[in-house]
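Q: The opening residue of the sequence shown carries number 7 in my numbering; numbering runs sequentially from there. Every residue gets a Cβ at the ideal spot worked out from N, C-alpha and C, and that includes glycine.
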Amino acid sequence: SVDIHGVKRDHTWTMMNETAEAGANTLVLLTQVDWVAGEDIILASSEYDHRESERHTIASVTTVTRNGNTVTELTLKEPLAYRHFAAVESYDSWDIEMRTEVGLLSRNIKFRGDENSVPNKYGAHLML
């Protein structure tokens, strides 16, 4: 058997707090997250075309205050190719959150042998 241990992550997904236009390289998230520079994220499409989902790498992470709430602002290494919508739409007495979902793809679990694995040419084949 294999025991797998890693650092607990507070949030592995959240939603956007503000709409990000195509060409932008910053995202304001709805909540605070413990994500760090170098990790990979995924943005869901906010349109009917699922091909407008995007994968990006985080360049930097900043905690900011928006409308009295403390949230996370991510700067991406590359600009967005598509617009990602984030707002609350009101219809009669209904308020509907229409926000792009953002997920953390990176995980902090590493599989490695001990100090004798390389000299002894001993290893394993891992399939997930």
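Under the DSSP definition of a beta bridge, which residues are partnered with G74?
A: Per DSSP, none; premise fails for G74.
Q: Is it true that the stretch 71 to 89 meets the stretch 26 to 37, where meeting means three or more beta-carbon pairs spaced less than 8 Å apart?
A: yes
Q: Could you spell out the range, first to last residue, of the beta strand (DSSP E) harbouring A50?
A: Careful: A50 lies outside any beta strand (DSSP E) and carries neither H nor E.
Q: Quick one, are the C-beta atoms of L110 and I47 less than 7 Å apart?
A: yes
Q: If you follow the beta strand (DSSP E) that W41 is in, where does it begin and where does it stop?
A: Here W41 belongs to no beta strand (DSSP E), and DSSP marks it neither H nor E.
Q: Using the DSSP secondary-structure output, state which residues sit across from H11 in a beta bridge.
A: Looking at the DSSP assignment, H11 forms no beta bridge with any residue, so it has no partner.
Q: Kindly give me the distance between the Cβ atoms of E27 and R89, rounded to whole angstroms, as I take these residues to be in contact under 8 Å.
A: 5 Å
Q: Tell me, to the nearest whole angstrom, how far the beta carbon of M21 is from that of A92; I am working on the premise that it is less than 8 Å.
A: 7 Å
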